[in-house]
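Student: For reference, the structure I am asking about is given below.
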Ligand code: GAF
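In my numbering, the protein residues as written are -15 to 349.
This is the structure:
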């Protein structure tokens, strides 16, 4: 076992199945710097794959054709799923969905054993499920000796969510986990999948602070926003809300509430990603911080996906010297991403975690 209490995936596999695995693979979680809920609207996002927060998967041959035996160190639980099974709102659905998406034939013939471990916190808005899907797909590709093109892996991982788990998400999380370089942000156009790496801000750090409020995206909030965006498209006569720009804000204001505010968030958030990417390129931390604050306000007032706890944390983060702060990820709680001058990180983190005992610093990147 390694230094902490978390075993490696290989150790978890060996402990559960009494033999070593044949393949191990991992994939990172992500933090989104700007561009929230724009991805299923054909918009722009600015996520960063996380350096040390990953899901790890170990795989070995199974003993029963058509059966997946899976152990999760996160849940300290095992599951035995048939490859033909439908989803059952169980943690193993993500693994079953990934196996179905990539290796139905092989597993129908031989069965498979899988163990997983993770240090990406669940329910923090840091993409633990995308990391699990991508890590499983990577491990399966190596196990069966097939090419794993990163973009293809991202698309398959998203189809696990959309078509199997039933979560109507966009491509941001799976793309960041599969294609992104850990520690470097990238701007992604979710319609064309064009993507450009973004420079880091010298002398500054992004701190990821868990609010202590856990979110659950498969509950109604996320799907309701997706449905509202579709309704707003119909009201505005466009295919996707990202077809609209600042010049359309006048006519957006004329459609029914809350669709007007949902559409306004998407239009203004896309502009913030563009401006944010420019600010990173120019090393302009003050502008980037201001855009983060505006993004949080838009999530709070127009998209209505923040909670009182994250609103208060953002306010306090700024009072305590952050240049920018916002709730990150799917919303309704989870983590904040906070921009700080490097020399302020320690003192700031100390003050915040003392003032808000439910919070903790997940990573500094
Ligand atoms: C979740 C989804 F999975 C992403 O696709 C994205 O919509 C995000 O919420 C919000 O920006 O992480």
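Cβ coordinates follow ideal geometry from the N, Cα and C atoms, glycine included.
Is the closest heavy atom of the ligand MN to the C-beta of residue 278 under 7 angstroms?
Tutor: The model on display carries the ligand GAF but not the ligand MN.
Student: Secondary structure at residue 227, three-state DSSP: helix, strand or coil?
Tutor: In this structure, residue 227 counts as helix in the three-state DSSP scheme.
Student: Can you name the start and end residues of the beta strand (DSSP E) that residue 98 belongs to?
Tutor: That run of the beta strand (DSSP E) goes 96 to 102.
Student: By DSSP's criteria, residue 189 is part of a beta bridge. Which residues make up the other side?
Tutor: For residue 189, which the question treats as bridged, DSSP gives the partners 324.
Student: With which residues is residue 43 paired in a DSSP beta bridge?
Tutor: The partner list for residue 43 (beta bridge, DSSP) reads 7, 98.
Student: Let me know the secondary structure DSSP gives residue 35 once reduced to three states.
Tutor: Three-state DSSP puts residue 35 in a strand.
Student: Within its chain, find whatever has a CB closer than 6 angstroms to the CB of residue 234; leave out the 5 residues flanking it on each side and keep chain order.
Tutor: Closer than 6 angstroms at Cβ, skipping near neighbours: no residue.
Student: Can you look up residue 287 in the DSSP assignment and give me helix, strand or coil?
Tutor: Residue 287: coil per DSSP, three-state reduction.
Student: Within the same chain, show all residues whose beta-carbon is closer than 8 angstroms to that of residue 104, passing over the 5 residues directly before and after it, in chain order.
Tutor: For residue 104, where only same-chain residues beyond five positions count, the Cβ hits under 8 angstroms are 12, 13, 34, 37, 38, 39, 110, 111, 112, 115.
Student: Considering only heavy atoms of the ligand GAF, does any lie closer than 7 angstroms to the CB of residue 20?
Tutor: Indeed, a heavy atom of the ligand GAF lies less than 7 angstroms from the Cβ.
Student: Looking at residue 343: is its Cβ nearer than 8 angstroms to the Cβ of residue 196?
Tutor: The answer is yes: Cβ separation under 8 angstroms.
Student: Taking just the CA atoms, how far does residue 182 sit from residue 330?
Tutor: Each residue's alpha carbon lies about 25 angstroms from the other.
Student: Just list the residues that DSSP pairs residue 348 with in beta bridges.
Tutor: Answer is 191, bridged to residue 348.
Student: Whole angstroms is fine: what's the gap from residue 253's alpha carbon to residue 140's?
Tutor: If you take the alpha carbons of residue 253 and residue 140, they lie about 27 angstroms apart.
Student: Nearest to residue 363 by alpha carbon, out of 304, 319, 124, 205?
Tutor: What is shown of the chain runs -15 to 349, which leaves residue 363 out entirely.
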